Structures are given as C-alpha cells and as structure tokens.
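Enquirer:
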Amino acid sequence: MKFKKILVSQPKPASDKSPYYDLAEKHGVEVVFRPFIKVEGISAKDFRQQKVNIPDFTAIVFTARTAVDHFFRLCEEMRISIPVTLKYFCTSETVANYLQKYIVYRKRKIFAAKTGRLVDLLPSMQKHKSEKYLLAVSDVNNGADLALIAENKLNVVSAAMYRTVSNDFGPDEEFNYDMLVFFSPQGIESLLKNFPDFKQGDIAIAALGAATAQAVKDAGLRLDIEAPSPEAPSMPAALDMFLDKHKA
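Residue numbers (this note's numbering): 255 to 502.
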C-alpha cells in the first residue's frame, strides 16, 4: 500500500517549519490539515448555570492555551475584575508564556511545569495548599485532572469554559485520504458522525495518546500507528517510521 494523501486533523500550522512539511517532502506525500473538531466558547449565561463564582478563587489552573483564552473572555463578558493577587498554575511553560496576551507577566505569581503534565505541576500546587483552585476545562473533560488534584487533598473546583464540537464536512468536500491522523477521542466521534457508513479498508489510522488510541479500537477500527512511543516520541516521528517501513 502506497500512502499519497494524509489528513492531519489539526489546524494548518502558522509556520512553514512544521515537521509535517518535512515529512511531506521526505516521503513525497500530500499532507492536508483539516480539523474534525472545533472549540466554541461557553456563553456567560451557560457558565453561570454551573454556579461557579470566579472571584471566590485565589488560584487558577490552566492545562491549555484554549482555556486561557476562554477564562479571560468570560471574565470580560461578565465584567469580572481579576485581582493582581490571583495565582496562575500552568502545565507547561508554553501555556504560562501565553498569559502575556492578557496580563503583565512580571507582576503576577505564575507557576509552570516543564512537561505539559498536570502531575508534574502538583508539587508547586502543594506548596500553596491554602489556595482555592479553579480548574478551567472543556465540557468533555473526563474528570481525571480533577480527581488527580483531589487525591492530593487540594481545594479545587472545575468549571467548563469551552466546548468541543464536530467540525462537519460539506456535501461536496472530498474525502479521499490514505491515512487519517487523530489527536483526541472527539475526532473519532466526529469521523463517525460525518461518515456513519465509514469503511476503513486500506486507510491507515494514527492516534496520539492512549485515550485516542482506545477510541479508535472502541469504534471497531484498526489502529495502525500510535504515538508517543519509546521509538517515536511525537506523531511526526511515528508517521516517519511508518512510512519508512512501508516504503521498504
């Protein structure tokens, strides 16, 4: 089987230096960026129904830049003034640096893990056990992050600030790919929603993360590529290995 056209279910990279472009050049394949899902902000009205009062909290936990955007959006819509004393806990330095879009970074108390994993942020949070934490999440979170924080006897409440919805395909939009690359279980759900009669056949499916891989299997589909792995720490690396193997 020769793979000529690959759908990567993410937005098109802003930079031409994406490893996916290197992959396309090396293997002579066409890489198409087309998200299966999209993020929508939860309205202030719907947020209020959760009965979460943002000013009650002394610290906020962010696991993604999307959460940062929608936290500040909701605060603006609800005319909430964010105190300078609010502490920010981020699962990566990338998310922490993104805060500069909204606040004067050097004047705030900001803590960040280096790995992108919540478990590695916990030591910083445990040093501030007296804080009342707000965890900004999407409506489809599985509660694992909240449970992890609760296990460490930290005072935390989660609040959905955005939702993930299917990014539907148009009736005239071609779907002629040799490989599909997914990054979340919601992407698999969107595939089956858009194409209820989908037959995998020779189409290869790649999944990032254990939850996404399990969603592929639960849907009765064949999982051909899973990342990360000891041999391939990223999705581009996993695709590179797979294409090298099939080229041979």
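Ideal Cβ placement from N, Cα and C applies to all residues, glycine included.
Just so you know, these numbers come straight off a predicted model, no measurement behind them.
May I have the straight-line CA-CA distance separating Val322 from Glu331, to the nearest angstrom?
Expert: Within the sequence shown, residue 322 is the residue found at index 68, counting from 1. Within the sequence shown, residue 331 is the residue found at index 77, counting from 1. Cα-Cα distance, rounded: 14 Å.
Enquirer: By the DSSP assignment, the beta strand (DSSP E) with Ala414 in it spans what residues?
Expert: Taking the sequence shown and counting its residues from 1, the one referred to as residue 414 is at position 160. Residues Val410 to Ser420.
Enquirer: Which whole-angstrom value describes the C-beta separation of Val293 and Ile260, a residue pair presumed to lie in contact below a C-beta threshold of 8 Å?
Expert: Counting from 1 along the sequence shown, the entry for residue 293 is found at position 39. Counting from 1 along the sequence shown, the entry for residue 260 is found at position 6. Going by Cβ atoms, the distance from Val293 to Ile260 rounds to 23 Å, so no, they are not a contact pair.
Enquirer: How do the segment 410–421 and the segment 298–305 stand: do at least 3 beta-carbon pairs fall below 8 Å, yes or no?
Expert: Yes: at least three Cβ pairs fall under 8 Å.
Enquirer: Would Tyr359 be called buried (16 or more neighbouring beta carbons within 10 Å of its own) or exposed?
Expert: Sequence index remark: in the sequence shown, residue 359 carries index 105 (1-based). By the neighbour-count rule (16 or more Cβ atoms within 10 Å), Tyr359 is not buried but exposed.
Enquirer: Going by the beta-carbon positions, is the gap between Glu385 and Ala366 smaller than 8 Å?
Expert: Mapped onto the sequence shown, residue 385 falls at position 131. Mapped onto the sequence shown, residue 366 falls at position 112. Not in contact: Glu385 and Ala366 (Cβ atoms no closer than 8 Å).
Enquirer: Distance check for Pro337 and Ser483, CA to CA, integer angstroms please.
Expert: Counting from 1 along the sequence shown, the entry for residue 483 is found at position 229. Counting from 1 along the sequence shown, the entry for residue 337 is found at position 83. Approximately 42 Å, taken between the alpha carbons.
Enquirer: According to the Cβ coordinates, are Pro450 and Pro273 closer than 8 Å?
Expert: Here residue 450 refers to the residue found at position 196 when the sequence shown is read from its first residue. Here residue 273 refers to the residue found at position 19 when the sequence shown is read from its first residue. Not in contact: Pro450 and Pro273 (Cβ atoms no closer than 8 Å).
Enquirer: Which word fits Arg429, buried or exposed, when buried means at least 16 other C-beta atoms lie within 10 angstroms of its C-beta?
Expert: Along the sequence shown, read from residue 1 onward, the residue named residue 429 stands at position 175. One point to set straight first is that residue 429 is Phe, not Arg, in the sequence displayed. Phe429 is exposed by the Cβ-count criterion.
Enquirer: Distance check for Phe290 and Leu445, CA to CA, integer angstroms please.
Expert: In the sequence shown, the residue the question calls residue 445 occupies position 191. In the sequence shown, the residue the question calls residue 290 occupies position 36. So the alpha carbons of these two residues sit roughly 7 Å apart.
Enquirer: Would you please state the rounded distance, in angstroms, between the beta carbons of Phe325 and Ile314? I believe it to be under 8 Å.
Expert: On the sequence shown, residue 325 is found 71 positions in, with the first residue counted as 1. On the sequence shown, residue 314 is found 60 positions in, with the first residue counted as 1. Confirmed, Cβ separation roughly 7 Å.
Enquirer: Inspect the CB distances between the segment 421–441 and the segment 466–483 and report whether three or more fall short of 8 Å.
Expert: With the cut-off at 8 Å, the segment 421–441 and the segment 466–483 touch.
Enquirer: Can you tell me whether Ser263 is buried or exposed, with buried defined as 16 or more other CB within 10 angstroms of its CB?
Expert: The residue you call residue 263 lines up with position 9 of the sequence shown. Buried.
Enquirer: For Met255, count neighbouring C-beta atoms within 10 Å of its own C-beta (all shown protein chains included) and say buried if the count is 16 or more, exposed if not.
Expert: Residue 255 sits at position 1 when you count from the first residue of the sequence shown. Met255 is exposed by the Cβ-count criterion.
Enquirer: So what's Gly282 in DSSP terms, helix, strand or just coil?
Expert: Walking along the sequence shown from the start, residue 282 turns up at place 28. The answer is coil: DSSP assigns Gly282 none of H, G, I, E or B.
Enquirer: Please report the residue range of the beta strand (DSSP E) in which Ile308 lies.
Expert: In the sequence shown, counting from the first residue as 1, residue 308 sits at position 54. Where Ile308 is concerned, there is no enclosing beta strand (DSSP E), given that its DSSP letter is neither H nor E.
Enquirer: Consult DSSP for Ser269 and reduce its assignment to one of helix, strand or coil.
Expert: Here the question's residue 269 lines up with position 15 in the sequence shown. Coil, per DSSP.
Enquirer: Applying the 10 Å Cβ sphere with the 16-neighbour rule, what's the burial state of Asp399?
Expert: Translated into the one-based positions of the sequence shown, residue 399 becomes position 145. By the 10 Å Cβ count, Asp399 comes out buried.
Enquirer: To the nearest angstrom, how far is it from the Cα of Thr312 to the Cα of Ala486?
Expert: Here residue 312 refers to the residue found at position 58 when the sequence shown is read from its first residue. Here residue 486 refers to the residue found at position 232 when the sequence shown is read from its first residue. About 40 Å.
Enquirer: How far does the beta strand (DSSP E) with Ala367 in it reach, from first residue to last?
Expert: Position 113 of the sequence shown, counting from 1, holds the residue named residue 367. Premise fails: Ala367 is in no beta strand (DSSP E) and is neither H nor E.
Enquirer: Can you give the Cα-Cα distance for Val435 and Arg476, rounded to whole angstroms?
Expert: Here residue 435 corresponds to residue number 181 of the sequence shown, with the count starting at 1. Here residue 476 corresponds to residue number 222 of the sequence shown, with the count starting at 1. So the two alpha carbons sit approximately 13 Å from each other.
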